[in-house]
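Only one structure is covered here, and it is reproduced in the block below.
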Amino acid sequence: MGMARVVRIGLLGCGVVGGGVVAALEQNRAALLARAGAEVVVHRIAVRDLAKERHEAVDAARLCTDWRSVVNDPAVDVVVEVMGGLEPAHAAIQAALAAGKDVVTANKELLARHGEALQALAAAKGRALMCEGSVLGGVPAVHNLHSYFVANRIGHIRGIVNGTNNYILSRMEDAGLDFAEALAEAQRLGYAEADPAMDLEGRDALYKFQILARLAFDVDVVADDVDVAGISDVTQADVQLAAQLGCRLRHVVEGRWDAESGRLWASVRPQLTTQDDPLYHVTGADNFLGLEGDLVGRIGLLGPGAGALPTASAVVEDIVQLLQGGSVRLRALRRASVAAVRYPAFLVRRRFPFGVAAGPEAALAWRSILGATQVKYAGMAGGDAEAWWIRGCDAPAAAVLSAVSSDLAGEFAVYPAANLPGGRRVAADFRTHTAAVV
Ligand SMILES: NC(=O)c1ccc[n+]([C@@H]2O[C@H](COP(=O)([O-])OP(=O)(O)OC[C@H]3O[C@@H](n4cnc5c(N)ncnc54)[C@H](OP(=O)(O)O)[C@@H]3O)[C@@H](O)[C@H]2O)c1
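As structure tokens, this is what we get:
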């Protein structure tokens, strides 16, 4: 056997994911050598603080605090960016590509904002920018959307892409914790960051949705066009009401490409899921992505959405893809108009919309009828209802109605003109808190 090819990694960042990458390369060195024919070595590592404690597999002699010297080191073949944040990650990736190096990143925020330009730069330089770890952690979503499903036209994606939010909702359900307790537990276990706002307010999910929509639909999604809601307003009462309806609340990203109108229906928000919905069964910090292709039908990918080794798995598999000549090339992106997903019926709580309202006028009307001050406008409604979240709608709808008209009457209401399957509608009278299917 000839000499194995040696690939030298310049690692930018050595925290949760970076430490995981070092550990993963050590753990599976023999497999990589045997199966990819290469010895992948971490040549240099940039961090902020040299004094910090690192994973035991990290060789302290390789650490420095200057990302430029790592990127520009002529011995470095591949730059792995796992620092996070916009700067200096953005500048570092640009510099690495300009220096003729392939790049692997797990940085969703950067890719959501500048992914298209960075992919164009990589293509112009004849290099690759790989990004499997940026969405759904260890679950191979990017690879499947980009490299596997090419002949299919993907019309619909729907998933749970934020493990922190899913963990919190799961614990509110199964342990009866209130929101703050579940969040504190998630932080204690390392699922949530010290500043969890990006997760809780849905921005992290939006970034991932932007990356997924680009790959699935070849559509560039402008963040401001998507109506985003997080989970920070969800209370134990909401979770209990969902359970009474036989449902679970899940934080869901969803996109449906309408080729005819050139529109993308997009939504990033909590949805009620029923038992026949795969998302209902995704618990804890797991992630899920459902795809619908015109040839293959429906496919689901389930697995760990974060964590040191699962995310390192995505990063290292990207390195192997590079060894095999792989790259992520974005097809020419369409500029589509983005509209909010429309739901057939939904709950609107005084402080927080679970679903999509009927427009600013409706929000104003609700405000006056309910005497509420914070009914938010949350998109569009009506029209061609697709019963996604109240599939087999009659039972949950009836339960909603009874909940509305009983002790929760002051807090919940049913959107007055929602379409149900079979062309029926929910008519609600907010003054008397009664509703009926007509
Ligand atoms: N954690 C996960 O499960 C997960 C999953 C998927 C994707 N990601 C993504 O992976 C990336 C890294 O996440 P993480 O959880 O590993 O973050 P982390 O634990 O905070 O690690 C960040 C690392 O980057 C280093 N760093 C930050 N700024 C730097 C600078 N200016 N120069 C040199 N080094 C710098 C830090 O150095 P010090 O150690 O000295 O502070 C630290 O080692 C993020 O983009 C994140 O969104 C994370």
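First residue of the sequence shown? That's 809 in the working numbering, and the numbers climb one at a time after it. Built from N, CA and C at the ideal position, the CB exists for glycine as well. Model, not experiment: these values are computed from the prediction.
Simplified DSSP state of A983, which is helix, strand or coil:
Translated into the one-based positions of the sequence shown, residue 983 becomes position 175. Three-state result, A983: coil.
Specify the secondary structure class of D867 as computed by DSSP and reduced to three states.
Translated into the one-based positions of the sequence shown, residue 867 becomes position 59. Residue state, collapsed to three classes: coil.
DSSP three-state label for D1046, please.
Residue numbering aside, residue 1046 sits at position 238 when the sequence shown is read from its first letter. In this structure, D1046 counts as helix in the three-state DSSP scheme.
Return yes when the C-beta of K1016 is under 7 Å from any heavy atom of ligand 1, and no when it is not.
Sequence index remark: in the sequence shown, residue 1016 carries index 208 (1-based). No - ligand 1 has no heavy atom lying nearer than 7 Å to the Cβ of K1016.
At least 3 beta-carbon pairs within less than 8 Å: the region 1084-1092 vs the region 964-982:
yes
Reduced DSSP secondary structure (H/G/I, E/B, other) of M1006:
Residue numbering aside, residue 1006 sits at position 198 when the sequence shown is read from its first letter. If DSSP states are grouped into helix, strand and coil, M1006 belongs with the helices.
Nearest-angstrom Cα distance between A994 and R921?
Working through the sequence shown from its first residue, we reach residue 994 at position 186. Working through the sequence shown from its first residue, we reach residue 921 at position 113. Roughly 27 Å between the two C-alpha positions.
V890 Cβ short of 7 Å to ligand 1 heavy atom set:
Mapped onto the sequence shown, residue 890 falls at position 82. Checking every heavy atom of ligand 1 against the Cβ of V890, one is found closer than 7 Å.
Between A914 and G934, how many whole angstroms is the CB-CB distance? I'm expecting something under 8 Å.
Taking the sequence shown and counting its residues from 1, the one referred to as residue 914 is at position 106. Taking the sequence shown and counting its residues from 1, the one referred to as residue 934 is at position 126. Rounded, the Cβ-Cβ distance is 23 Å, inconsistent with contact.
Would you tell me roughly how many angstroms separate the C-alpha atoms of P1078 and N1095, rounded to the nearest one?
Counting from one through the sequence shown, the residue named residue 1078 turns up at place 270. Counting from one through the sequence shown, the residue named residue 1095 turns up at place 287. Distance between the alpha carbons of P1078 and N1095 is about 15 Å.
May I ask you to report which of helix, strand or coil DSSP gives G923?
Position 115 of the sequence shown, counting from 1, holds the residue named residue 923. G923: helix per DSSP, three-state reduction.
Does the distance from the C-beta atom of V1060 to that of R1139 stay below 8 Å?
Translated into the one-based positions of the sequence shown, residue 1060 becomes position 252. Translated into the one-based positions of the sequence shown, residue 1139 becomes position 331. Their beta carbons are not under 8 Å apart, which means V1060 does not touch R1139 by this criterion.
Distance, Cα to Cα, W1065 vs G945?
The residue you call residue 1065 lines up with position 257 of the sequence shown. The residue you call residue 945 lines up with position 137 of the sequence shown. Their Cα atoms are separated by approximately 24 Å.
How close, in whole Å, do the beta carbons of V884 and G818 come, if the pair is a contact with beta carbons under 8 Å?
Looking up residue 884 in the sequence shown gives position 76. Looking up residue 818 in the sequence shown gives position 10. Correct: roughly 4 Å between the Cβ atoms.
Put V1123 into one of helix, strand or coil per three-state DSSP.
The residue labelled residue 1123 in the question sits at position 315 within the sequence shown. DSSP places V1123 in helix when its eight states are reduced to three.
Spatially closest choice to D1007 from M891, G971, G998, by CA coordinates
As a first step, residue 1007 is located in the sequence shown; it is residue number 199 there, counting from the start. Nearest option by C-alpha distance: G971.
Nearer than 7 Å: is that true of the beta carbon of G1011 relative to any heavy atom of ligand 1?
Residue mapping note: residue 1011 aligns to position 203 of the sequence shown, counting from 1. The amino acid occupying residue 1011 in the given sequence is Arg; Gly does not appear at that position. No, Cβ of R1011 sits at least 7 Å from all heavy atoms of ligand 1.
Please classify P882: is it buried, with 16 or more other beta-carbons within 10 angstroms of its beta-carbon, or exposed?
Indexing the sequence shown from 1 puts residue 882 at position 74. P882 should be labelled exposed.
Closer than 7 Å to a non-hydrogen atom of ligand 3 - does that hold for the CB of A854?
Ligand 3 is not among the ligands present in this structure, which contains only ligand 1.
Have a look at the DSSP bridge pairing and note the partners of I853.
Start at 1 with the first residue of the sequence shown, and residue 853 comes out as number 45. BP columns for I853 point to L819, L871.
Give me, in chain order, the residues of the same chain whose beta-carbon lies closer than 8 Å to that of V825; leave out the 5 immediate sequence neighbours on both sides.
Position 17 of the sequence shown, counting from 1, holds the residue named residue 825. Same-chain partners within the cutoff: V890, A914, G941, A1116, T1119, A1120, V1123.
Please determine whether the Cβ atom of A1114 lies at a distance below 7 Å from any heavy atom of ligand 1.
Numbered from 1 along the sequence shown, position 306 holds the residue referred to as residue 1114. At least one heavy atom of ligand 1 is nearer than 7 Å to the Cβ of A1114, so yes.
Looking at ligand 1, does it come within less than 7 Å of D1003, judged from the CB to the closest heavy atom?
Taking the first residue of the sequence shown as position 1, residue 1003 is located at position 195. No.
Taking the beta strand (DSSP E) that E1068 belongs to, which residues open and close that run?
Stepping through the sequence shown from its first residue, residue 1068 is reached at position 260. Taken as a continuous stretch (DSSP letters only), E1068 belongs to no beta strand (DSSP E), as it is neither H nor E.
For A1051, name the three-state secondary structure that DSSP assigns.
Position 243 of the sequence shown, counted from the start, is the residue given in the question as residue 1051. Three-state result, A1051: helix.
Same chain only: Cβ atoms within 7 Å of S1040, ignoring 5 sequence neighbours per side:
Position 232 of the sequence shown, counted from the first residue, corresponds to residue 1040. These residues qualify, in order along the chain: L1008, E1009.
To the nearest whole angstrom, what separates the beta carbons of A854 and V878, a pair I think is in contact under 8 Å?
Position 46 of the sequence shown, counted from the start, is the residue given in the question as residue 854. Position 70 of the sequence shown, counted from the start, is the residue given in the question as residue 878. That pair is a contact at about 5 Å.
So, at 6 Å on beta carbons, what are the nonlocal neighbours of V814 in its own chain, with the 5 sequence-adjacent residues on each side left out?
Start at 1 with the first residue of the sequence shown, and residue 814 comes out as number 6. Same-chain partners within the cutoff: E847.
Determine, using beta carbons only, whether V943 and K1016 come nearer to each other than 8 Å.
Along the sequence shown, read from residue 1 onward, the residue named residue 943 stands at position 135. Along the sequence shown, read from residue 1 onward, the residue named residue 1016 stands at position 208. It is a contact, given that the beta carbons lie within the stated cut-off.
With a CB to CB cut of under 6 Å and the five nearest residues on each side skipped, what residues in its chain are close to A903?
Here residue 903 refers to the residue found at position 95 of the sequence shown. Once the five neighbours on either side are set aside, the close Cβ partners of A903 are V879.
C-beta atoms of R1143 and D1028 nearer than 8 Å
As a first step, residue 1143 is located in the sequence shown; it is residue number 335 there, counting from the start. As a first step, residue 1028 is located in the sequence shown; it is residue number 220 there, counting from the start. Yes, the pair counts as a contact, with Cβ atoms nearer than the cut-off.
Quick check: the Cα distance between D857 and G821, rounded to an integer number of angstroms?
If you number the sequence shown from 1, residue 857 lands on position 49. If you number the sequence shown from 1, residue 821 lands on position 13. When rounded, the distance between both Cα atoms is 10 Å.
Have a look at A907, V887, A906, E917 and flag the residue whose alpha-carbon is nearest the alpha-carbon of E895.
As a position in the sequence shown, residue 895 is number 87, starting the count at 1. Out of A907, V887, A906, E917, E917 has the C-alpha closest to the C-alpha of E895.
Among the residues of its own chain, which have a CB less than 7 Å from the CB of A812, if the five just before and after it don't count?
Within the sequence shown, numbered from 1, the residue matching residue 812 stands at position 4. Here the set comprises L841, G845, A846, E847.
In terms of residues, what are the limits of the beta strand (DSSP E) holding R966?
Taking the sequence shown and counting its residues from 1, the one referred to as residue 966 is at position 158. Element bounds for R966: 962-968.
Which residues in the same chain as P1086 place their Cβ atom closer than 7 Å to its Cβ, once the five residues preceding and following it in sequence are excluded?
On the sequence shown, position 278 is the one that residue 1086 refers to. Cβ neighbours of P1086 beyond the five flanking positions: F1096, G1098, G1108.
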